[in-house]
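Everything below concerns the one structure shown next.
Chains as they are written, first to last, in my numbering: chain A, 427 to 539; chain B, 9 to 119.
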């Protein structure tokens with residue numbers, strides 16, 4: 427693994443189903459983030475974690491939950507998917523330090539029908 | 009709702025032209041300003057992280073400036089090339105380490 431990986435690459439899901447999007451990084455970054463990308467709205471922060479064991483809510487957290495059991499993994503769960511959660515989801519990570527860059531994963535395209 | 013605004017929304021320039029875009033952000037709780045380059049079907053790629061008022065950073069033909077007191081940053085591209093065509097995103101990071109993105113400036117460089 428090099429950098430950040432996300433799985434699955436894409437998924438079609440029936441409304442009401444539970445879904446977990448996976449994100450793993452191998453850079454030992456403390457901070458990790460989940461964003462959704464929607465046309466005309468840009469990237470919006472869903473949840474974040476500044477270090478393993480802690481999480482926080484972003485701009486659009488409703489309907490999503492996260493956990494950060496260790497440094498490398500930051501899964502995003504949709505407990506009961508709704509069509510408005512159709513989006514492209516990006517995971518990102520960043521090392522500690524004010525001048526560190528944020529690195530993005532390749533994205534997961536999710537369609538909820 | 010925290011507003012990060014970018015202008016223009018889109019831009020078409022001729023190859024060889026120089027161009028610039030603006031990012032405006034809140035000056036309160038400011039920690040850093042990030043610029044990204046985002047090509048279609050790829051992930052955003054970091055260009056600059058700017059933290060201090062008056063910062064100027066440069067990478068090849070691309071440079072950026074930062075004014076934290078008035079809450080704006082400029083991104084400049086000198087001598088635009090077709091490969092510069094992309095969406096350029098800025099993101100405001102607050103002291104809580106949360107990022108707020110603008111909607112981007114879409115640049116098309118015409119050969």
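For each residue, glycine too, the CB sits at the ideal point set by N, CA and C.
In terms of CA proximity to residue 72 of chain B, B/97 leads the group B/48, B/49 and B/97. For residue 439 of chain A, the closest of A/485, A/525, A/504 and A/529 by C-alpha to C-alpha distance is A/504.
For the segment 446-457 of chain A, the set of positions with a beta-carbon nearer than 9 Å to some beta-carbon of chain B reads 457 in chain order.
Within the same chain, and ignoring the five residues on either side of residue 87 of chain B in sequence, the residues whose Cβ sits closer than 7 Å to its Cβ are 24, 26 and 69. Residue state for residue 488 of chain A is assigned as coil, using DSSP reduced to three classes. Annotated as proximal: residue 85 of chain B and residue 28 of chain B, with beta-carbon spacing under 9 Å. Residue environment: residue 495 of chain A is assigned as exposed (fewer than 16 neighbouring CB atoms within 10 Å of its CB, all protein chains considered).
Nearest CB-CB separation between residue 516 of chain A and chain B: below the 9 Å threshold.
Counting every other CB atom within 10 Å of its CB across the protein chains shown gives residue 12 of chain B a total of 16 or more, marking it as buried.
If you check the CB distance, residue 516 of chain A and residue 432 of chain A come in under 9 Å. Contacts between residue 113 of chain B and chain A, judged by CB atoms closer than 8 Å, are missing: the closest CB pair is about 11 Å apart.
The Cβ neighbour count for residue 49 of chain B, taken over all protein chains shown within 10 Å, is under 16; the residue is labelled exposed. Along the segment 50-74 of chain B, the positions whose C-beta sits under 7 Å from a C-beta of chain A are 51, 52, 54, 57 and 59, read in chain order.
Residues of the segment 495-514 of chain A with a Cβ closer than 8 Å to any Cβ of chain B: none. Judged by DSSP in its simplified three-state form, residue 499 of chain A adopts strand.
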